[in-house]
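In this note's numbering, the protein residues as written are 2 to 277. C-beta atoms are modelled at their ideal positions from N, C-alpha and C, and glycine is treated no differently. Here the structure is a predicted model, which is why all the values come from computation and not from measurement.
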């Protein structure tokens with residue numbers, strides 16, 4: 002856990018995250034507002050460092066699929082169906098190994114010779130299949146809502162930061178009964194590039210108005226951990242998404258739990274409650 006201490010030293014990572022956040026906001030025509038938000042966040046981060054603040058986690062950025070809700074296998078099935086409809090046979094295990102990425106990153110990884118138009122069409126079709134056939138079958142993992150409640154009750158921001166589209170994020174927020182617990186959400190609708198790029202977490206930092214050292218990511222795939230690292234955020238991994246301990250630790254996770262119920266059970270000693 003000591004590995005996460007000092008991440009924000011001298012404000013270097015804060016500046017990098019702010020720059021990335023500004024690029025994202027400019028893409029969406031919100032550069033002016035973004036400058037004010039990120040500038041204020043940077044000022045707060047500098048002030049707390051100068052005052053010797055203890056470095057408590059202020060915002061927890063939660064992935065959704067495979068972390069809070071049991072949906073990864075359904076996404077695999079939806080991708081398999083979309084690929085087959087498009088005349089592509091991709092091994093199911095290969096698809097499973099890419100779950101956690103958005104369609105913009107997953108399709109070219111599996112079908113590198115397809116055109117941009119074909120990739121977008123496949124991703125759109127997967128979303129349609131998932132929504133019509135599988136989304137209603139998705140259930141929250143045990144302990145998911147209780148963990149969000151605990152983080153909220155402790156005065157920390159709860160941010161949902163997912164490679165899903167905003168429609169799915171809103172559906173899961175209702176499914177979790179977390180409308181009053183969630184402070185903000187980010188999705189592929191907010192950015193141009195999904196995980197493992199850092200865009201989604203950079204957008205989440207901008208919305209939470211916190212320094213990377215004051216944030217923590219909870220995710221189930223190596224792509225969550227990699228995306229967090231690109232923003233200077235430490236990440237805790239859960240095995241509920243199907244990735245092995247070796248893969249998750251190899252990606253740089255600072256701590257590993259079987260699932261969110263196990264994280265809730267060990268909450269008091271978890272990185273969420275750490276102080277630098």
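Outcome for residue i when other beta-carbon atoms lying within 10 angstroms are tallied against a minimum of 16
i           : result
residue 157 : buried
residue 92  : exposed
residue 1   : Only positions 2 to 277 of the chain appear in the structure, and residue 1 is not among them; the question remains open.
residue 136 : buried
residue 42  : Bear in mind that a pLDDT of 42 at residue 42, under 50, signals an unreliable position, so the number given afterwards is only what the model happens to contain. It is buried - the Cβ of residue 42 has at least 16 other Cβ atoms within 10 Å.
residue 222 : buried
residue 110 : exposed
residue 252 : buried
residue 104 : buried
residue 225 : buried
residue 168 : exposed
residue 181 : exposed
residue 191 : buried
residue 116 : exposed
residue 64  : buried
Same chain, Cβ closer than 8 Å to residue i, five either side skipped, listed in chain order
i           : result
residue 126 : 83, 86, 87
residue 81  : 91, 93, 96
residue 240 : 221, 246, 249, 257, 258, 259, 260
Cutoff 6 Å; reference residue i; Cβ partners in own chain excluding five residues on either side
i           : result
residue 205 : 62, 160, 162, 187
residue 70  : 139, 141, 173
residue 107 : 99
residue 208 : 185
residue 232 : 18, 199, 202, 203, 213
Residue i - DSSP class collapsed to helix/strand/coil
i           : result
residue 142 : coil
residue 44  : At residue 44 the pLDDT is 37, less than 50, meaning the model places this residue with poor confidence and gives no usable figure here.
residue 132 : helix
residue 168 : helix
residue 36  : Confidence at residue 36 is low in this model, with a pLDDT of 37, below 50, so the placement of that residue should be treated as unreliable; the coordinate-derived value is given next. It is helical.
residue 160 : strand
residue 182 : coil
residue 149 : helix
residue 273 : helix
residue 238 : strand
residue 63  : strand
residue 189 : helix
residue 211 : coil
residue 196 : coil
residue 220 : strand
residue 256 : strand
residue 100 : strand
residue 284 : It is not possible to answer for residue 284, since the shown part of the chain is limited to 2 through 277.
Close Cβ partners of residue i (< 7 Å) along its chain, the five nearest in sequence each way excluded
i           : result
residue 66  : 72, 73, 76, 163, 165
residue 89  : 112
residue 228 : 196, 197, 198, 199, 201, 202
residue 151 : 265, 268
residue 148 : 261, 264, 265
Cβ separation of residue i and residue j, assumed to be a contact under 8 Å, to the nearest whole Å
i          : j           : result
residue 1  : residue 68  : Outside the modelled stretch of the chain, which goes from 2 to 277, sits residue 1, for which no answer is possible.
residue 60 : residue 230 : Not quite, the Cβ-Cβ distance comes to about 17 Å (not below 8 Å), so this is no contact.
Neighbour flag for residue i against chain D, beta carbons, 8 Å
i          : result
residue 69 : The structure shown contains no chain D, having only a single protein chain.
Task: Stretch-stretch touch, CB-based, cutoff 8 Å, three pairs: the stretch 173-181 with the stretch 197-205 - done: no
Open item on the list: Any contact between the stretch 269-276 and the stretch 242-254? By contact I mean 3 or more CB pairs, one from each, below 8 Å.
Closed with: no
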